[in-house]
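Each protein sequence line maps, in turn, to chains A and B.
The first sequence: position 79 = 78 (numbering that gives the first Met the number 0), numbered continuously.
The second sequence: position 129 = 128 (numbering that gives the first Met the number 0), numbered continuously.
Report on one structure; see the data block that follows.
Number of protein chains: 2
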Amino acid sequence: MRILGVDPGLTRCGLGVVESGAARRVTMLDVRVATSPSTLETPARLAQIADVVEAMLDEHRPEAVAMERIFARSDVSTIMGTAQVSGVIMLAAERRGLPLSLYTPSEVKAAVTGDGRAGKEQVTFMVTRLLGLAQAPRPADAADALAIAIAHAWRGGAAPVGSAATTPAQRRWTEAEKAARRRG
Amino acid sequence: MRILGVDPGLTRCGLGVVESGAARRVTMLDVRVATSPSTLETPARLAQIADVVEAMLDEHRPEAVAMERIFARSDVSTIMGTAQVSGVIMLAAERRGLPLSLYTPSEVKAAVTGDGRAGKEQVTFMVTRLLGLAQAPRPADAADALAIAIAHAWRGGAAPVGSAATTPAQRRWTEAEKAARRRG
């Protein structure tokens, strides 16, 4: 299953395309951070972000979109722009007939690190390991978008851990999990 | 000048097209309230609203869009949906090359009634008179959208009042203003 993960934002919008296969294997197809300068008016900023999102949807043709859920009680200085971006992305998904799922930051952290209160560095570390990347995705918005896509790929199931891990991907998960625990 | 006024909302989105002419004359070309049921998921609701907005933009070809400004400290139960709708409408305007202006409720009330703290009934009353309508636009979202369009048509100038009123539209304004004052 191919998934576009989105960490919505008006200044920086993280976008990651992940393909999930058998045995919870996940690979990265693309990662970008769409940006817009605060010197522009909001409509022009939304269009800049929407252009990148729509280009990725049309290029990679994901089967689903997963996005971070926004709360009305979040940081009020950025909440309006984030909500507006999320609306634009929801419409783009809907008009392509793609199901869109929302995940809280805690759900995403729990899915990729096993700890709903994990820090940004731990999320980035696990995303890098799980996707078998040579370098950590930067900035954090990019790693977050990939984490959201992985969370969606894995929803509804427990992560394979311990001696049951038999595939290379599962071993990588287990090792990374242990390493993360040592660091955490 | 032809203006689309928007009172954004996910459950009800007021939309009014107003044409402004010489001597502050304003006429109504169209008014609608786009709705979406709360039983649908947000992406589908946004698409229902966006379809109506885009149809009106394409049918009436306004030269500008005027929308109510949303504040992060508004009612939290509806603020997210309202912000998402506003983002979708901003993108639709931007992609058609239309300038979009935002007005606070106080600015709109002051423009059409002379009182920034006027009630909904007074706004509806003045909108009905100013546009020379036989019936008051209902629901309030429809009247609000028309009031926002009128506010944009008149921005940057004082309303003609008193003995200086010479055109039929100006006389109508003056009479309506007096009537509103008597009622207020």
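Idealized CB from N, CA, C, for every residue including glycine.
Nonlocal neighbours in the same chain, by C-beta distance under 7 Å from residue i, ignoring five residues either side
{"i": "residue 89 of chain A", "result": "99"}
{"i": "residue 251 of chain B", "result": "Outside the displayed range of chain B (0 to 183) lies residue 251 of chain B, so it cannot be described from this structure."}
{"i": "residue 132 of chain A", "result": "27"}
Sequence-distant residues of its chain with Cβ nearer than 8 Å to residue i (five each side left out)
{"i": "residue 157 of chain B", "result": "Per-residue confidence for residue 157 of chain B stands at a pLDDT of 37, beneath the threshold of 50, marking its modelled position as unreliable; the derived number appears in the next sentence. Answer for residue 157 of chain B: no residue qualifies."}
{"i": "residue 74 of chain B", "result": "none"}
{"i": "residue 69 of chain B", "result": "7, 78, 81, 82, 85"}
Cβ neighbours of residue i in the same chain (closer than 6 Å, five flanking residues each side left out)
{"i": "residue 11 of chain B", "result": "32, 34, 140"}
{"i": "residue 19 of chain B", "result": "0, 25, 152"}
{"i": "residue 135 of chain B", "result": "123, 127"}
{"i": "residue 203 of chain A", "result": "What is shown of chain A runs 0 to 183, which leaves residue 203 of chain A out entirely."}
{"i": "residue 13 of chain B", "result": "6, 32, 140, 141, 143, 144"}
{"i": "residue 103 of chain B", "result": "68"}
{"i": "residue 115 of chain B", "result": "105, 108, 109"}
Residue i: CB within 7 Å of a non-hydrogen atom of the ligand MG
{"i": "residue 43 of chain A", "result": "What this structure holds is no ligand at all, so the ligand MG is not there to describe."}
Pick from the options that is closest to residue i, judged by C-alpha positions
{"i": "residue 96 of chain A", "options": "A:56, A:20, A:19", "result": "A:56"}
{"i": "residue 119 of chain A", "options": "A:143, A:82, A:15", "result": "A:143"}
{"i": "residue 201 of chain A", "options": "A:102, A:125, A:66, A:105", "result": "No information on residue 201 of chain A is available, as it lies outside the stretch 0 to 183 that chain A covers here."}
{"i": "residue 60 of chain A", "options": "A:94, A:23, A:9", "result": "A:94"}
{"i": "residue 101 of chain B", "options": "B:17, B:76, B:63, B:115", "result": "B:63"}
{"i": "residue 22 of chain B", "options": "B:129, B:125, B:9", "result": "B:129"}
{"i": "residue 39 of chain A", "options": "A:9, A:105, A:58", "result": "A:9"}
{"i": "residue 37 of chain A", "options": "A:76, A:58, A:17", "result": "A:76"}
Q | At least three beta-carbon pairs within less than 8 Å, the stretch 143-153 of chain B to the stretch 108-126 of chain B | A | yes
(Q) Residues of the stretch 91-120 of chain A in Cβ contact with chain B at a cutoff of 8 Å, in chain order, please. (A) 92, 93, 94, 99
Q | Contact set between the stretch 9-43 of chain B and chain A, restricted to residues whose Cβ is under 8 Å from the partner | A | 40, 41, 42, 43
(Q) Within 8 Å, do at least three Cβ pairs link the stretch 2-19 of chain B to the stretch 34-53 of chain A? (A) no
**Q.** 4 or more residues per run - each alpha helix (DSSP H) lying fully within the stretch 123-157 of chain B
**A.** 139-153
Q | Contact residues within the stretch 73-91 of chain B, judged by C-beta distance below 7 Å to chain A | A | 75, 78, 79, 82, 83, 84, 85, 86, 87, 89, 90
Q. Which full runs of the beta strand (DSSP E) of 3+ residues lie inside the stretch 87-111 of chain A, going along the chain?
A. 99-102
**Q.** Contact list for the stretch 134-156 of chain B against chain A, Cβ threshold 9 Å
**A.** none
(Q) Which runs of the alpha helix (DSSP H) at least 4 residues long sit entirely within the stretch 12-77 of chain B? Give them in chain order. (A) 41-59
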